[in-house]
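Student: I have a structure I would like to understand better, so I am pasting it below and will then ask my questions one at a time.
2 protein chains.
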Amino acid sequence: MRKINFNAGPSAIPLPALELAQKEMLDFEGTGMSIMEHSHRGKDYMRVHAEAKALLIELMEVPATHEVLFMQGGASMQFALVPLNFLAAGRRADYVVTGTWGKKALEEARRVGEARAAWQQTDVQGRYVRVPKQAEVSFDERACYVHTTSNNTLFGSQYWQFLDTGKLWQVCDMSSDILSRKVEVSKFGLIYAGAQKNLGPSGLVVVLVHKEFLKAASEHIPLIFRYATFAEHDSLLNTPSTFGVYMLRNCLRWLKAEGGVSGMALRNEKKAKALYAVLDELPEFYIAPVEKESRSHMNVVFHLANAALDEAFVKAAAAEQMAGVKGHRSTGGMRASIYNATSQQDVETLVDFMRRFARQHG
Amino acid sequence: MRKINFNAGPSAIPLPALELAQKEMLDFEGTGMSIMEHSHRGKDYMRVHAEAKALLIELMEVPATHEVLFMQGGASMQFALVPLNFLAAGRRADYVVTGTWGKKALEEARRVGEARAAWQQTDVQGRYVRVPKQAEVSFDERACYVHTTSNNTLFGSQYWQFLDTGKLWQVCDMSSDILSRKVEVSKFGLIYAGAQKNLGPSGLVVVLVHKEFLKAASEHIPLIFRYATFAEHDSLLNTPSTFGVYMLRNCLRWLKAEGGVSGMALRNEKKAKALYAVLDELPEFYIAPVEKESRSHMNVVFHLANAALDEAFVKAAAAEQMAGVKGHRSTGGMRASIYNATSQQDVETLVDFMRRFARQHG
């Protein structure tokens with residue numbers, strides 16, 4: 001029996017995407033071998049590669065100004081590749097730090113060159129509980145780029161109004177909310193996303209990069225570090241994570257059939273509303289630390305007012321076939337990650353459970 | 001129906017490894033979710049991670065001096081990471097260039113620091129047809145390391161006696177022959193291998209690195225580039241390719257059941273002998289460019305004396321359910337890649353076909 005999966009990443013994958021992978025595991029579309037056994041330069045894999053890319057372009061409405069790249073190494077690899085490519089010597093990059101991963105991105109940039117936190121704010125307990133408003137942030141007008149994180153997986157905040165970086169290129173880590181809502185790709189110099197939340201399995205990274213921004217990239221770094229290399233070779237300079245791209249294709253087919261990005265956005269809003277509603281209804285039992293205007297639709301973070309009940313909560317949820325509700329080890333508390341693959345019904349099951357649990361232990 | 005797969009990589013995967021993945025695709029060991037949907041920090045994935053690592057240590061007899069790392073980005077990423085970690089400023093690295101990938105590794109190192117070809121030799125047609133003997137190579141005694149390629153996928157040569165690099169650390173790309181024969185891991189400072197030939201699907205890279213060598217690594221590069229980071233965090237600083245590690249586990253279970261590395265070595269020798277025998281028997285029809293002492297047991301490279309028959313050969317092989325016999329686009333001709341997952345019977349089918357084809361067209 002399949003569990004209800006609230007894991008933060010790797011996380012739930014749409015069942016039809018997995019079922020197709022299962023069906024085709026030994027024989028991909030009558031070719032007599034698994035997609036994993038196909039050459040990355042053969043026509044069968046190339047078809048998958050092209051379909052995944054075309055679906056991504058269609059679903060995200062990627063303009064012709066942007067390249068779509070398939071890379072590896074997770075968002076953490078992007079933390080290093082972005083400054084290596086774009087942080088020129090003698091110049092600076094601005095980082096808007098709204099959570100743990102943004103902070104890590106800044107720290108990694110500082111191992112490459114000069115970078116500063118253009119904005120960084122935590123509450124008295126050291127938690128990141130909001131994203132900034134436009135008026136709160138000022139950028140270095142000579143910055144090579146501004147780095148932002150669209151959704152903070154760990155603390156559960158999300159931009160509902162992206163920052164306007166004016167003439168500066170905006171580089172955005174969208175690992176945990178890509179394809180969950182409409183985004184104007186044209187406003188970003190570079191978008192990157194590890195696949196293991198809304199796109200498929202870990203090990204694959206999707207990058208969208210503006211062709212003009214690419215022209216500013218360093219040519220004095222190893223070939224394999226250059227976004228330009230991936231753009232020139234259609235992400236096939238070397239062997240990509242072929243199974244990762246295949247699973248991405250399967251997930252995007254499902255997403256398209258489910259109403260595309262606008263369908264997902266509607267569903268995600270409903271799911272998040274239902275969960276935050278129970279938190280707001282029971283503030284003496286459940287505490288939602290994130291400011292309302294910054295609440296994430298992907299990662300709903302909360303604590304039990306009585307932390308002594310934490311273990312019982314996780315156990316009782318598990319007994320009702322719900323996995324992954326425990327918060328990140330660095331924050332404690334609870335977190336329900338409700339990415340695209342999590343259904344309205346999954347969330348209602350959790351909401352119902354949370355109400356019952358509060359009644360029983362309140 | 002499953003094809004006989006002679007692809008050079010990604011390549012054949014043992015059927016039981018795929019069948020297990022198929023069976024467990026929706027529900028890994030009764031956990032109610034795919035292994036791809038499990039958190040990389042949860043006990044279920046951790047069990048897989050630990051088993052894959054333990055099997056690798058057991059099968060390769062990895063000594064306690066060496067760390068086992070799971071990385072991403074293919075061998076091509078290692079081409080850059082090796083010099084970034086170990087090529088100190090003002091010093092040099094030696095590369096023994098025995099094929100296209102070794103050459104690419106050298107070129108990438110030169111984008112990082114100073115590196116030279118300690119040996120490099122092609123025939124009059126520009127083909128790499130042999131590996132050097134010890135007496136032919138002299139190393140820079142101040143080199144940070146010596147880089148070698150144990151098996152050359154593209155040209156089909158292989159070391160049967162590894163070079164002795166004395167006090168210098170030897171870094172070896174074993175992507176295309178890891179686990180195909182016994183190797184004294186203790187003699188290497190670092191071994192790396194992209195998984196898509198003998199270990200599983202593309203996207204995963206296995207690294208074995210000597211702990212003493214690690215101490216010489218740079219601490220002035222991004223965290224995600226450092227082998228030390230992966231060693232310290234058991235390859236879990238960030239999310240690994242969890243499905244890749246799972247498939248590695250499945251492949252290693254199969255390999256162990258099939259007699260381990262010594263079982264594979266015996267089988268691989270038999271397979272290679274059978275194929276080279278037909279090439280040697282029919283030298284007027286088939287041309288094997290690689291010198292006999294350097295012949296690879298993994299990639300059997302040959303040409304038809306009459307290149308006009310190339311297309312007919314590939315077509316006729318395909319008609320008998322054999323895929324992947326076409327040579328690399330840069331070399332032309334034919335190549336049968338006969339990694340661990342290729343059976344004796346698969347090779348006999350090819351040998352039989354090659355005899356018939358020569359009779360019919362000779």
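Line by line, the protein sequences are chains A and B. Its first residue numbered 1, the first sequence is counted upward by one per residue in the working numbering. Its first residue numbered 1, the second sequence is counted upward by one per residue in the working numbering. All residues carry an ideal CB built from backbone N, CA and C; glycine is no exception.
Please confirm if A:Phe230 has its CB atom under 9 Å from at least one CB of chain B.
Tutor: The residue labelled residue 230 of chain A in the question sits at position 230 within the first sequence. For A:Phe230, the answer is no, since every Cβ of chain B falls outside 9 Å of its Cβ.
Student: Going along chain A, which residues have a C-beta under 8 Å from B:Gln22?
Tutor: Along the second sequence, one-based indexing puts residue 22 of chain B at 22. Ordered by position in chain A, the residues that pass the 8 Å Cβ test against B:Gln22 are Gln22, Met25 and Leu26.
Student: Restricting to Cα atoms, I'd like to know which of A:Phe155, A:Lys182 and A:Ala109 is closest to A:Thr122.
Tutor: Start at 1 with the first residue of the first sequence, and residue 122 of chain A comes out as number 122. Among A:Phe155, A:Lys182 and A:Ala109, the Cα nearest to that of A:Thr122 is on A:Phe155.
Student: Which stretch, first to last residue, makes up the beta strand (DSSP E) that contains B:Arg295?
Tutor: As a working note, residue 295 of chain B is residue 295 in the second sequence. It is not in any beta strand (DSSP E) - B:Arg295 carries neither H nor E in the DSSP assignment.
Student: Could you round the C-beta distance between B:Ala75 and B:Tyr95 to whole angstroms and report it? I think they count as a contact, below 8 Å.
Tutor: Here residue 75 of chain B is taken as the residue at index 75 of the second sequence, counted from 1. Here residue 95 of chain B is taken as the residue at index 95 of the second sequence, counted from 1. The pair is not a contact, with the Cβ atoms about 14 Å apart (cut-off 8 Å).
Student: With a threshold of 9 Å between beta-carbons, can A:Asn5 be considered close to chain B, or not?
Tutor: Residue 5 of chain A sits at position 5 when you count from the first residue of the first sequence. For A:Asn5, the answer is yes, since a Cβ of chain B falls inside 9 Å of its Cβ.
Student: Using CA atoms only, rank isn't needed, just tell me which of B:His210, B:Leu26, B:Leu199 and B:Tyr276 is closest to B:Phe188.
Tutor: For this step, residue 188 of chain B is matched to residue 188 along the second sequence. Here the closest residue by C-alpha is B:His210.
Student: Taking the alpha helix (DSSP H) that B:Trp101 falls in, what are its first and last residues?
Tutor: The residue given as residue 101 of chain B occupies position 101 in the second sequence. Where B:Trp101 is concerned, the enclosing alpha helix (DSSP H) stretches over Thr100 to Arg110.
Student: I believe B:Lys270 touches B:Gln344 by the beta-carbon criterion, under 8 Å. Please report the beta-carbon distance rounded to the nearest angstrom.
Tutor: Walking along the second sequence from the start, residue 270 of chain B turns up at place 270. Walking along the second sequence from the start, residue 344 of chain B turns up at place 344. Rounded, the Cβ-Cβ distance is 6 Å, consistent with contact.
Student: Helix, strand or coil, according to DSSP, for B:Phe313 in the structure here?
Tutor: Mapped onto the second sequence, residue 313 of chain B falls at position 313. Helix, per DSSP.
Student: By a C-beta neighbour count over all protein chains shown, 10 Å radius and 16 as the cutoff for buried, is B:Gly327 buried or exposed?
Tutor: Indexing the second sequence from 1 puts residue 327 of chain B at position 327. It counts as buried.
Student: Three or more C-beta pairs closer than 8 Å, one from the stretch 34 to 52 of chain B and one from the stretch 241 to 260 of chain B: is that the case here?
Tutor: Because the criterion of three Cβ pairs below 8 Å is met, the stretch 34 to 52 of chain B and the stretch 241 to 260 of chain B touch.
Student: Using a Cβ cut-off of 8 Å, pull out every chain A residue sitting near B:His38, in sequence order please.
Tutor: Position 38 of the second sequence, counted from the start, is the residue given in the question as residue 38 of chain B. What B:His38 touches in chain A: Asn7 and Pro10.
Student: Chain A beta carbons: is any one of them nearer than 9 Å to that of B:Tyr145?
Tutor: In the second sequence, counting from the first residue as 1, residue 145 of chain B sits at position 145. Closer than 9 Å: no.
Student: So, at 6 Å on beta carbons, what are the nonlocal neighbours of B:Asn268 in its own chain, with the 5 sequence-adjacent residues on each side left out?
Tutor: For the purposes of this step, residue 268 of chain B is taken as the residue at position 268 of the second sequence. So the list reads Ser180 and His297, once near-sequence residues are dropped.
Student: The beta strand (DSSP E) spanning B:Thr149 covers which residue range?
Tutor: Here residue 149 of chain B refers to the residue found at position 149 when the second sequence is read from its first residue. Per DSSP, B:Thr149 belongs to the beta strand (DSSP E) from Val146 to Thr149.
Student: Where does A:Trp119 fall in DSSP's three states?
Tutor: Within the first sequence, the letter at position 119 stands for residue 119 of chain A. A:Trp119 falls in the strand class under three-state DSSP.
Student: Count the other CB atoms within 10 Å of the CB of B:Asn198; is the residue buried (16 or more) or exposed (fewer)?
Tutor: The residue labelled residue 198 of chain B in the question sits at position 198 within the second sequence. Buried, by the Cβ-count rule.
Student: Helix, strand or coil: which one does DSSP assign to B:Asp140?
Tutor: Here residue 140 of chain B corresponds to residue number 140 of the second sequence, with the count starting at 1. B:Asp140: coil per DSSP, three-state reduction.
Student: So, does the stretch 226 to 242 of chain B touch the stretch 306 to 326 of chain B, judging by three or more C-beta pairs under 8 Å?
Tutor: The answer is no - the stretch 306 to 326 of chain B does not touch the stretch 226 to 242 of chain B, with fewer than three Cβ pairs under 8 Å.
Student: Would you mind telling me which residues of chain B sit closer than 8 Å to A:Gly194, beta carbon to beta carbon, in chain order?
Tutor: Start at 1 with the first residue of the first sequence, and residue 194 of chain A comes out as number 194. Ordered by position in chain B, the residues that pass the 8 Å Cβ test against A:Gly194 are Thr239.
Student: Sort B:Arg111, B:Val185, B:Ser202 and B:Glu108 by Cα distance to B:Met71 and report the nearest one.
Tutor: Residue numbering aside, residue 71 of chain B sits at position 71 when the second sequence is read from its first letter. Measuring from the Cα of B:Met71, the nearest candidate turns out to be B:Ser202.
Student: Using a Cβ-Cβ cut-off of less than 8 Å, list which residues of the stretch 201 to 233 of chain A approach chain B; keep chain order.
Tutor: So the close ones are Pro201, Ser202, Gly203, Leu204, His220, Ile221, Pro222, Leu223, Ile224 and Phe225.
Student: Mind pulling the alpha helix (DSSP H) runs of 4 or more residues that sit fully within the stretch 131 to 219 of chain B?
Tutor: Whole alpha helix (DSSP H) segments, 4+ residues: 211 to 214.
Student: Do the stretch 165 to 176 of chain A and the stretch 143 to 155 of chain A touch if we need at least three Cβ pairs shorter than 8 Å?
Tutor: Cβ pair count under 8 Å is three or more, so yes.
Student: Can you grab the Cα-Cα spacing for the pair B:Ala216 / B:Leu223, in whole Å?
Tutor: On the second sequence, residue 216 of chain B is found 216 positions in, with the first residue counted as 1. On the second sequence, residue 223 of chain B is found 223 positions in, with the first residue counted as 1. Rounded to whole angstroms, B:Ala216 to B:Leu223 spans 15 Å at the Cα level.
Student: Which residue wins for smallest C-alpha separation from A:Val68, given the options A:His303, A:Ala143 and A:Ile57?
Tutor: Your numbering for residue 68 of chain A matches position 68 in the first sequence. That would be A:Ile57, whose Cα lies nearest to the Cα of A:Val68.
Student: Ignore the nearest five residues each way along the sequence and tell me which others in A:Arg91's own chain have a CB closer than 6 Å to its CB.
Tutor: For the purposes of this step, residue 91 of chain A is taken as residue 91 along the first sequence, with counting starting at 1. Within the same chain, A:Arg91 has close Cβ partners Cys144.
Student: Under 8 Å, with one C-beta from each stretch per pair, do the stretch 105 to 120 of chain A and the stretch 58 to 66 of chain A reach the 3-pair mark?
Tutor: They do not touch, by the three-pair rule.
Student: Taking B:Arg365 as the query, report the chain A residues whose CB atoms sit under 8 Å from its CB, ordered along the chain.
Tutor: Outside the shown range of chain B (1 to 362) lies residue 365 of chain B, about which nothing can therefore be said.
Student: Anyone know if the C-beta pair for A:Gly73 and B:Gly9 falls short of 9 Å?
Tutor: Position 73 of the first sequence, counting from 1, holds the residue named residue 73 of chain A. Position 9 of the second sequence, counting from 1, holds the residue named residue 9 of chain B. Not a contact, by the Cβ cut-off of 9 Å.
Student: Kindly indicate if chain A contains any beta-carbon less than 9 Å away from that of B:Thr331.
Tutor: For the purposes of this step, residue 331 of chain B is identified with residue 331 of the second sequence, where counting begins at 1. Answer no: the Cβ-Cβ gap between B:Thr331 and chain A never drops below 9 Å.
Student: Using only CA atoms, which one of A:Tyr159, A:Leu20, A:Asp164 and A:Ser330 lies nearest to A:Ser138?
Tutor: Taking the first residue of the first sequence as position 1, residue 138 of chain A is located at position 138. Selected option, being the one with the closest Cα: A:Asp164.
Student: Under the assumption that A:Ile191 contacts A:Leu168 (Cβ atoms under 8 Å), give the Cβ distance between them as a whole number of angstroms.
Tutor: In the first sequence, counting from the first residue as 1, residue 191 of chain A sits at position 191. In the first sequence, counting from the first residue as 1, residue 168 of chain A sits at position 168. Going by Cβ atoms, the distance from A:Ile191 to A:Leu168 rounds to 15 Å, so no, they are not a contact pair.
Student: According to DSSP, is A:Tyr95 part of a helix, a strand, or is it coil?
Tutor: As a first step, residue 95 of chain A is located in the first sequence; it is residue number 95 there, counting from the start. Strand.
Student: With DSSP as the reference, label B:Ala308 as helix, strand or coil.
Tutor: Reading the second sequence from its first residue, position 308 is the one you call residue 308 of chain B. Looking at B:Ala308 - three-state DSSP - the assignment turns out to be helix.
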